[in-house]
Amino acid sequence: MTNLLTEAFTKAQNLPEHLQNELAEQLIEDIEYELQWQQQFTEPQNSLLDDLAAQALNNSLQGKTKIMGFDEL
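Just so you know, we're using our numbering here: the sequence shown kicks off at 1426 and counts up by one.
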């Protein structure tokens, strides 16, 4: 555990019990969300966006696209 986290827990011990519980619940929730985000980024991403990008590249290679400016959309 880092010194900063130890300091935070030491200070939290001086809070009333109901505030300690609220703080603990929030910390647990934040840790769970962080773990979920980390897991999302470590898993392979086979998304719809990847499929659409491949389709767009394929269409471009086949000459099925047209270069346009933003004012022409």
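We put the beta carbon where it would ideally sit given N, CA and C, even for glycine.
I1453 sits in a helix when the DSSP states are folded into three classes. Contact between L1448 and A1437 holds, with the beta-carbon distance rounding to 6 Å and staying under 8 Å.
Less than 7 Å divides the Cβ of T1490 from the Cβ of N1484.
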